[in-house]
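K.L.:
One structure, pasted below without further comment.
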Amino acid sequence: MGEKFLMKGNEALGEAAIIAGCEAYFGYPITPQNELTAYMSKRMLEEGRVFVQSESELAAVNMVFGAAGAGKRTMTSSSSPGVSLKQEGISYLAGARLPAVIVNVMRGGPGLGNISPAQGDYYQATRGGGNGDYRLIVFAPNSVQEMADDVIDAFYLADKYRMPSMVMADGMLGQMMEPVVFKEPKGNKGLPPKDWALTGAKGRPRNIVRSLMLGGTGLYEHNEVLRKIYAEVEANEIRYEELETADADVTLVAYGSASRACIGAVRHLRAAGKKVGLIRPRLVWPYPYKVLEKQAEKSKKFLVVEMNLGQMLDDVRIGVAGKAPVEFYGYAGGWIPTVKEVVDRVNQMF
Amino acid sequence: MEHKIILAGFGGQGIMVMGRLLAYAAMHEGKNVSWIPSYGVEQRGGTANCSVVISDEIIAAPIVAEPAYSIIMNRPSLDKFEPKMAPKGVILVNTSIVDRDVERKDLDVVNLACNDEALELGDIRYANMIALGAFCKKTGIIKLETLKKSLKNVLSARRQNLVEINQKALEKGYQLV
Amino acid sequence: MKTVYKKPESMTSATTIYCPGCHHGIAHRLVAEVIDELGIADRTIGIAPVGCAALAYDYFNVDFSEAAHGRAPAVATGLKLTQPDKIVFTYQGDGDLASIGAAEILHLANRGFNITTIFINNAIYGMTGGQMAPTSLEGQKTATTPFGRDLKIHGNPMKVSEILTQTAGAAYIARGAVYDPKHVMETKKMVKKAFQNQMDGKGFSMVEILSTCPTNWGLSPLDAVEWLKDNMEPFYPLGVKKDIDQDQ
Chain Y
3 MGEKFLMKGN EALGEAAIIA GCEAYFGYPI TPQNELTAYM SKRMLEEGRV FVQSESELAA
63 VNMVFGAAGA GKRTMTSSSS PGVSLKQEGI SYLAGARLPA VIVNVMRGGP GLGNISPAQG
123 DYYQATRGGG NGDYRLIVFA PNSVQEMADD VIDAFYLADK YRMPSMVMAD GMLGQMMEPV
183 VFKEPKGNKG LPPKDWALTG AKGRPRNIVR SLMLGGTGLY EHNEVLRKIY AEVEANEIRY
243 EELETADADV TLVAYGSASR ACIGAVRHLR AAGKKVGLIR PRLVWPYPYK VLEKQAEKSK
303 KFLVVEMNLG QMLDDVRIGV AGKAPVEFYG YAGGWIPTVK EVVDRVNQMF
Chain U
40 MEHKIILAGF GGQGIMVMGR LLAYAAMHEG KNVSWIPSYG VEQRGGTANC SVVISDEIIA
100 APIVAEPAYS IIMNRPSLDK FEPKMAPKGV ILVNTSIVDR DVERKDLDVV NLACNDEALE
160 LGDIRYANMI ALGAFCKKTG IIKLETLKKS LKNVLSARRQ NLVEINQKAL EKGYQLV
Chain X
-4 MKTVYKKPES MTSATTIYCP GCHHGIAHRL VAEVIDELGI ADRTIGIAPV GCAALAYDYF
56 NVDFSEAAHG RAPAVATGLK LTQPDKIVFT YQGDGDLASI GAAEILHLAN RGFNITTIFI
116 NNAIYGMTGG QMAPTSLEGQ KTATTPFGRD LKIHGNPMKV SEILTQTAGA AYIARGAVYD
176 PKHVMETKKM VKKAFQNQMD GKGFSMVEIL STCPTNWGLS PLDAVEWLKD NMEPFYPLGV
236 KKDIDQDQ
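Chains as they are written, first to last, in our numbering: chain Y, 3 to 352; chain U, 40 to 216; chain X, -4 to 243.
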């Protein structure tokens, strides 16, 4: 096992990107992810890699588009309003089939909102976010350790499927310090060669990176390719954790920061003899619908806990498919559930 | 066991460093630990505070709503956190600048003139370590030796020469309780 | 048999979508000739804009990337910084570069990164059907200035080259035209200099090329040339605006 560091989540995201072989980082200041940009401004230059503080979020994500087009591992990060600005570039990355990692350290919205932790960008992250039919592989870490692990995996899966991936954290995870051990990256093992990259057409026909498919059936066929890739991701990459679900009368469903209080609540309620469990999606796209479907056969009720007005709630309803009632507990704008609050809410369901 | 701790005071009193030292020491003792500051606009207006949770299990809630322990380094922090303390919690108050007594009768209060004690060591900036040393003795959550050893982790490269004097401040605080 | 004229190696055989009398084709050819003459085709990467030249990658026989509207300088930054040995150029129109991409081009120029920009100024949005561009002239009628550009209502035409000369990072800024052989020759020299500068690591270089848009101006190709000479040239004077080699 590697050395244990005590780090802020934002810094762990950065160090993990360095370890994963991120060769170019582009960012723009916004709270509460500033430590990540600052960390990269130092570490990327120490490593002789590319760092640019861009003039805008738009510029940052399009610089990522360029670096990804060059076949390099590349990343940008921001917080909610800034990630909204990046949607243009993310859609283009998806359309041009360029791998890249986008980090969202979510804060309160809509609009400028506030800088408190929130989970209000779930729809945006899991439904594509920009124009057109596309998906991102979306990681939902709930600790500094998982943030580090997820960045490394996000780079790998982006390369594997030639699509952008996102690490969706929030202000609490970004700001907090916890012990972290950095894992070894998988390197390029099992990854397809980047023979599409723009490296100069020396000794080969020219390469073109584009999402524009005018005329004929080009775009239709291209979107069929995307459909096939997304189906592969859904078949291969479902990740979730279960806690005490086997005999649970009430099943909690939560991700990220909100899931931590739920873990505490399950422990507390189990100690009191209540049959409560937790399903925690580790990726929120692709989504573990089948796990929920199966759980709905044995669990009497579901409770979704989110730091928003009910977004993943839709996915849980899709998974449960009417087989059990799905209730919701959540607020937006700076609320972080406590163990006690979740316990009290669950007790209302018995 | 899970220990929920709030450290609070003015910006510039070394509140964050105090919290990070506690967190490092807990990590070095093999505990699960989280440290989270108040950030952004919340930082303005009299208190800078951070939550530290030390636990044998996975930490469910890193933000401490109801601290069982607190170190209060100024008056606004006492006003803010005294009502939030868990019943029978331990509250350490820096009486050098906090100009009122703790009102709740259930709390286990440690009054300590941290600034004055720090001045005896030559600099008011050691007040945070005086407080943390005392806190260490009072609560037994962490070993004094681990705190002393962890100082090198929280002081920046150019401040490593201050490890020794900060260790002395920790010891002094430890002996004052 | 002696070959007196042929297609540059750096151009493909594709037929362009450009309208009769449009100057994009000439500008493309100049860029391709320069890439050939400098022997850099196998390490050149172009970036196409959004606008009439969005399909530029079909016409150049080098690696090419698209860019979102106005973001070519940002995409170029990502490509160039990760591959400093490559020759990276953007090809942008006036809506793309001067309007929606004003921030990106200003910051690229000011950073002084080693990138070349070819800027086609025809004082109008072409692809979308002839709307007012930032470079449309006072009094010019367009689809969105039906009574002519009124400075009080629509603001002033923007002299991008002159603005960019003020950036510390710009090594070379020049404005040419391609409406007759003399100007084609002069502009080619400018384009060559702008690419040579990148090879020599001198910083950001841009050539603005005044061009016609007969279709959206509502003029014949020949009348369009006269309109350009009579109206655009006086407001957008030709010549080298900044050259760190000359200015030193």
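For every residue, glycine included, the Cβ atom is placed at its ideal position computed from N, Cα and C.
When Cβ atoms are compared, which residues of the stretch 75 to 93 of chain X fall closer than 7 Å to chain Y?
P.N.:
Of all residues in the stretch 75 to 93 of chain X, Leu76, Thr77, Gln78, Lys81 have a Cβ within less than 7 Å of some Cβ in chain Y.
K.L.:
Using C-beta distances below 8 Å, list every residue in its chain close to Ala49 (chain X), excluding the 5 sequence neighbours before and after it, in chain order.
P.N.:
What you label residue 49 (chain X) is simply residue 54 of the third sequence in a count that begins at 1. Excluding residues within five positions, the ones whose Cβ falls inside 8 Å are Ala43, Glu61, Met122.
K.L.:
Run down chain U in chain order and give the residues with a C-beta less than 8 Å from the C-beta of Lys6 (chain Y).
P.N.:
The residue labelled residue 6 (chain Y) in the question sits at position 4 within the first sequence. Those within 8 Å of Lys6 (chain Y) in chain U are Met66.
K.L.:
Here's the rule: buried if 16 or more other CB atoms are within 10 angstroms of the residue's CB, otherwise exposed. What is Pro152 (chain X)?
P.N.:
To locate residue 152 (chain X), count along the third sequence from 1; it is residue 157. Under this definition Pro152 (chain X) is a buried residue.
K.L.:
What residues from chain X crowd round Phe67 (chain Y), counting only those whose CB sits closer than 8 Å?
P.N.:
As a first step, residue 67 (chain Y) must be located in the first sequence, where it is residue number 65. Near Phe67 (chain Y) (Cβ distances below 8 Å), the residues of chain X are Ser60, Ala62, Ala63, Arg66, Ala69, Val70, Gly73.
K.L.:
Mind checking the stretch 94 to 116 of chain U against chain Y and listing, in chain order, the residues whose C-beta falls within less than 9 Å of any C-beta there?
P.N.:
Residues passing the 9 Å Cβ filter: Glu96, Ile97, Ile98, Ala99, Ala100, Pro101, Ile102, Ala104, Glu105.
K.L.:
Output, in chain order, the set of chain Y residues within a Cβ distance shorter than 9 Å of Thr11 (chain X).
P.N.:
Residue 11 (chain X) sits at position 16 when you count from the first residue of the third sequence. Those do not exist, as Thr11 (chain X) stays about 14 Å from chain Y at its closest Cβ, beyond 9 Å.
K.L.:
Relative to the C-alpha of Ile21 (chain Y), which residue among Y:Val153, Y:Asn106, Y:Tyr124, Y:Ala96 is closest?
P.N.:
For the purposes of this step, residue 21 (chain Y) is taken as the residue at position 19 of the first sequence. The residue with the shortest Cα to Cα distance from Ile21 (chain Y) is Y:Val153.
K.L.:
Taking CB distances under 7 Å as the criterion, tell me whether Pro181 (chain Y) reaches chain U.
P.N.:
By one-based count along the first sequence, residue 181 (chain Y) stands at place 179. It does; some Cβ of chain U falls within 7 Å.
K.L.:
Using a Cβ-Cβ cutoff of less than 7 Å, which residues in the same chain neighbour Lys236 (chain X) once the five nearest sequence positions on both sides are dropped?
P.N.:
Here residue 236 (chain X) corresponds to residue number 241 of the third sequence, with the count starting at 1. Answer for Lys236 (chain X): Ser156, Glu157, Thr160, Ile168, Ala169, Arg170, listed in chain order.
K.L.:
Return the residue from the list Y:Asp135, Y:Ile265, Y:Pro143 that minimises the CA-CA distance to Leu221 (chain Y).
P.N.:
Indexing the first sequence from 1 puts residue 221 (chain Y) at position 219. It is Y:Asp135 whose Cα lies nearest to the Cα of Leu221 (chain Y).
K.L.:
What residues from chain U crowd round Thr39 (chain Y), counting only those whose CB sits closer than 7 Å?
P.N.:
As a working note, residue 39 (chain Y) is residue 37 in the first sequence. What Thr39 (chain Y) touches in chain U: nothing, since even the nearest Cβ is about 15 Å away.
K.L.:
Quick check on Met(-4) (chain X): buried or exposed, where buried means 16 or more other Cβ atoms within 10 Å of its Cβ?
P.N.:
As a first step, residue -4 (chain X) must be located in the third sequence, where it is residue number 1. Its Cβ having fewer than 16 others within 10 Å, Met(-4) (chain X) is exposed.
K.L.:
Along the chain, which unbroken stretches of the alpha helix (DSSP H) at least 4 residues long are found entirely within the stretch 59 to 91 of chain X?
P.N.:
Listed in chain order, they are 67 to 77.
K.L.:
Can you tell me where the alpha helix (DSSP H) with Trp212 (chain X) in it begins and where it stops?
P.N.:
Taking the third sequence and counting its residues from 1, one reaches residue 212 (chain X) at position 217. Here the alpha helix (DSSP H) through Trp212 (chain X) covers 209 to 212.
K.L.:
Is it the case that the Cβ atoms of Thr86 (chain U) and Ala125 (chain U) are separated by a distance below 7 Å?
P.N.:
The count along the second sequence starts at 1 and reaches residue 86 (chain U) at position 47. The count along the second sequence starts at 1 and reaches residue 125 (chain U) at position 86. Not in contact: Thr86 (chain U) and Ala125 (chain U) (Cβ atoms no closer than 7 Å).
K.L.:
Would you decide whether Ile148 (chain X) is buried or exposed? Buried here means 16 or more other CB atoms lie within 10 Å of its CB.
P.N.:
Within the third sequence, residue 148 (chain X) is the residue found at index 153, counting from 1. Classification of Ile148 (chain X): exposed, given that the 10 Å Cβ count is below 16.
K.L.:
Are three or more beta carbon pairs between the stretch 65 to 76 of chain X and the stretch 122 to 138 of chain X nearer than 8 Å?
P.N.:
Flag = no, the stretch 65 to 76 of chain X and the stretch 122 to 138 of chain X do not touch.
K.L.:
Of all Cβ atoms in chain X, is any one closer than 7 Å to the Cβ of Gly192 (chain Y)?
P.N.:
If you number the first sequence from 1, residue 192 (chain Y) lands on position 190. Closer than 7 Å: no.
K.L.:
Does any CB atom of chain U fall closer than 7 Å to the CB of Gly266 (chain Y)?
P.N.:
In the first sequence, the residue the question calls residue 266 (chain Y) occupies position 264. Answer yes: the Cβ-Cβ gap between Gly266 (chain Y) and chain U drops below 7 Å somewhere.
K.L.:
Could you list which residues in chain U have their beta carbon closer than 7 Å to that of Val341 (chain Y), in chain order?
P.N.:
Your numbering for residue 341 (chain Y) matches position 339 in the first sequence. In chain order: Ala99, Ala100.
K.L.:
Which residues of chain Y have a Cβ atom closer than 9 Å to the Cβ of Ile204 (chain U), listed in chain order?
P.N.:
Taking the first residue of the second sequence as position 1, residue 204 (chain U) is located at position 165. Going along chain Y, no residue has its Cβ under 9 Å from Ile204 (chain U), so there is no contact; the nearest lies around 23 Å.
K.L.:
Would you identify the three-state DSSP class for Gln55 (chain Y), choosing helix, strand or coil?
P.N.:
Your numbering for residue 55 (chain Y) matches position 53 in the first sequence. In the structure shown, Gln55 (chain Y) sits in a strand (DSSP, three-state: E or B).
K.L.:
Roughly how many angstroms lie between the CA atoms of Val103 (chain U) and Ala62 (chain U), to the nearest whole one?
P.N.:
Translated into positions along the second sequence, residue 103 (chain U) becomes position 64. Translated into positions along the second sequence, residue 62 (chain U) becomes position 23. C-alpha separation (whole angstroms): 14 Å.
K.L.:
Roughly how many angstroms separate the alpha carbons of Gln206 (chain U) and Gln199 (chain U), rounded to a whole number?
P.N.:
Taking the first residue of the second sequence as 1, we reach residue 206 (chain U) at position 167. Taking the first residue of the second sequence as 1, we reach residue 199 (chain U) at position 160. In a straight line, the C-alpha of Gln206 (chain U) is about 12 Å away from that of Gln199 (chain U).
K.L.:
For my contact list, Cys208 (chain X) and Asn116 (chain X) are in at a C-beta cut-off of 8 Å; report their separation, rounded to the angstrom.
P.N.:
Start at 1 with the first residue of the third sequence, and residue 208 (chain X) comes out as number 213. Start at 1 with the first residue of the third sequence, and residue 116 (chain X) comes out as number 121. Contact flag wrong, Cβ pair sits at about 10 Å.
K.L.:
Would you call the CB atoms of Phe67 (chain Y) and Tyr94 (chain Y) closer than 7 Å?
P.N.:
In the first sequence, residue 67 (chain Y) corresponds to position 65, counting from 1. In the first sequence, residue 94 (chain Y) corresponds to position 92, counting from 1. It is a contact, given that the beta carbons lie within the stated cut-off.
K.L.:
Please identify the residue among Y:Arg282, Y:Met165, Y:Lys276 whose C-alpha is closest to the C-alpha of Lys230 (chain Y).
P.N.:
Position 228 of the first sequence, counted from the first residue, corresponds to residue 230 (chain Y). Closest option to Lys230 (chain Y), Cα to Cα, is Y:Met165.
K.L.:
Is DSSP giving Gly91 (chain Y) helix, strand or coil here?
P.N.:
If you number the first sequence from 1, residue 91 (chain Y) lands on position 89. Three-state DSSP puts Gly91 (chain Y) in a helix.
K.L.:
Quick check for students: name the residue ranges of the alpha helix (DSSP H) that lie wholly in the stretch 265 to 306 of chain Y, counting only runs of 4 or more.
P.N.:
With a minimum length of 4 residues, the continuous alpha helix (DSSP H) runs that stay inside the stretch 265 to 306 of chain Y are 291 to 297.
K.L.:
Check whether the Cβ atoms of Ser80 (chain Y) and Ile32 (chain Y) lie closer than 7 Å to each other.
P.N.:
The residue labelled residue 80 (chain Y) in the question sits at position 78 within the first sequence. The residue labelled residue 32 (chain Y) in the question sits at position 30 within the first sequence. In this structure, Ile32 (chain Y) lies closer than 7 Å to Ser80 (chain Y) by Cβ.
K.L.:
Quick check on the DSSP output: what are the complete beta strand (DSSP E) runs of length 3 or more inside the stretch 95 to 153 of chain U, in order along the chain?
P.N.:
As far as the stretch 95 to 153 of chain U is concerned, its whole beta strand (DSSP E) runs of at least 3 residues are 108 to 111, 129 to 133, 147 to 151.
K.L.:
Taking Arg212 (chain Y) as the reference, which of Y:Pro34, Y:Asn64, Y:Ala19, Y:Leu271 has the closest Cα?
P.N.:
As a first step, residue 212 (chain Y) must be located in the first sequence, where it is residue number 210. Nearest C-alpha to Arg212 (chain Y): Y:Asn64.
K.L.:
Gly114 (chain X): buried (16+ other C-beta within 10 angstroms of its C-beta) or exposed?
P.N.:
Position 119 of the third sequence, counted from the first residue, corresponds to residue 114 (chain X). The question names Gly, but residue 114 (chain X) in the sequence shown is Phe. Buried.
K.L.:
Taking the Cβ atom as the reference point for each residue, do Tyr30 (chain Y) and Ala62 (chain Y) lie within a distance shorter than 7 Å?
P.N.:
By one-based count along the first sequence, residue 30 (chain Y) stands at place 28. By one-based count along the first sequence, residue 62 (chain Y) stands at place 60. Result yes, Cβ atoms of Tyr30 (chain Y) and Ala62 (chain Y) sit closer than 7 Å.
K.L.:
Taking the C-alpha atoms as reference points, what is the distance between Gly107 (chain X) and Lys119 (chain U)?
P.N.:
Translated into positions along the third sequence, residue 107 (chain X) becomes position 112. Translated into positions along the second sequence, residue 119 (chain U) becomes position 80. Rounded to whole angstroms, Gly107 (chain X) to Lys119 (chain U) spans 52 Å at the Cα level.
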